[in-house]
Structures are given as structure tokens and as C-alpha cells.
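**Student:** I am attaching a structure below and will ask some questions about it afterwards.
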Amino acid sequence: MPTSSVDSVRTLASTDQTIGIIFPILGDHVQRFFRDHKTVFVKYLNEKLPLKLRTGSRLFFYQSGSNKLITGDAKIVGVESATYDDVLTRFLADLFLTRDELERYAQDRKDKRMLVLVLADIREYSVPLRLKSGLTMAGRYMTKNMLDELRENS
767 MPTSSVDSVR TLASTDQTIG IIFPILGDHV QRFFRDHKTV FVKYLNEKLP LKLRTGSRLF
827 FYQSGSNKLI TGDAKIVGVE SATYDDVLTR FLADLFLTRD ELERYAQDRK DKRMLVLVLA
887 DIREYSVPLR LKSGLTMAGR YMTKNMLDEL RENS
């Protein structure tokens, strides 16, 4: 039986304290958080909201197509779900995607709800953290132990 992307995220979570979530994001899009001060991340998931994700958690920026690098993070100050039209109306100015990119991303899912993360305290790491393995589009929870290990090995 296939699992949803959020089920995959849940499965990857360990028993350690969850401090955030890692999602793969194109390098150009990650740079919009750092360079252009964008503060809203959106992602379609097969479930409303990841269970362990809450205000105060962190979003870790994994640059897809890179050498398995986490290049920064941000504090999550808002977690909600919204439709395509809601995102355009409420978040477009702060969204990390352009209107055209959002349109291409949404395609025929405009009536479906997507995860919306409102971010603050966005920071780019001077030394990126290298994951030992790749990351699927479903993402992965970050635990304190995992982060400590990544920092030791970077």
C-alpha cells in the first residue's frame, strides 16, 4: 500500500526530539530566502500538516541538485494550509516562488490545499551541512541529535 509524503516524513522521524523539517528546494529558490528576504514557503503534501511541525520549529534549506547540502535554516512562525488562490491573495509578495512558478507548480491542483510555512530569522550557513544520503521530495524531520552530528561532521 503506498504511503503519503507526510507518512514518509513521519517514518523518517526518529525518537529524538524533533526540531524541524528539511525539504529539498532548488538552489535559485533557496537564494530568494537569503538574498531577497522572502519569508513564505509552500509545498503540496498528501496530508494537511505534518504532525510534528509547529510554530517554533525550523525549516532547513536542502539545496536539491547540490552535493547533499543544507545551506541554512529559518524559524517557522506560522504553519497553515491554503489553496492556490489563498496563497496568491495573502502571500504572493513574500512567497519564494514567482507567480508564474507557483502557477506551474500548482498545475491541476489549484483546489487542493498546500502547506504554508511563514518564516523569520532566516540565516545562511557560512559552512553548509552535508547529509550522508540524499533527500526525497517528501522531506525529513530534523532531530537535535541529527543536527549535532551534521555539525560535527561539517
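Note that this note's numbering gives residue 779 to position 13 of the sequence shown, counting from 1, and the numbers run on in steps of one. Note that the Cβ used here is the ideal one computed from N, Cα and C, for glycine as well.
1. So what does DSSP say about Ala859, is it helix, strand or coil?
2. Leu883 and Leu825 look like a contact to me (Cβ under 8 Å); what is the Cβ gap, rounded to whole Å?
3. Which partner residues of Glu918 appear in the DSSP bridge assignment?
4. Over the uninterrupted beta strand (DSSP E) stretch that includes Asp839, give me the two end residues.
5. To the nearest angstrom, report how far apart Phe857 and Ile787 are at their CA atoms.
6. If you draw a straight line from the C-alpha of Ser774 to the C-alpha of Leu901, how long is it?
**Tutor:** In this structure, then:
1. As a working note, residue 859 is residue 93 in the sequence shown. Ala859 falls in the helix class under three-state DSSP.
2. Locating residue 883 in the sequence shown gives position 117, where the first residue counts as 1. Locating residue 825 in the sequence shown gives position 59, where the first residue counts as 1. That pair is a contact at about 6 Å.
3. Position 152 of the sequence shown holds residue 918. Paired residue(s): none; Glu918 is not in a bridge.
4. Numbered from 1 along the sequence shown, position 73 holds the residue referred to as residue 839. Run containing Asp839: Leu835 to Ala848, per the beta strand (DSSP E) assignment.
5. Here residue 857 refers to the residue found at position 91 of the sequence shown. Here residue 787 refers to the residue found at position 21 of the sequence shown. Cα to Cα, the separation comes out at about 21 Å.
6. Stepping through the sequence shown from its first residue, residue 774 is reached at position 8. Stepping through the sequence shown from its first residue, residue 901 is reached at position 135. The pLDDT assigned to Ser774 is 39, lower than 50, so where the model puts this residue is not dependable, and the model offers no usable value.
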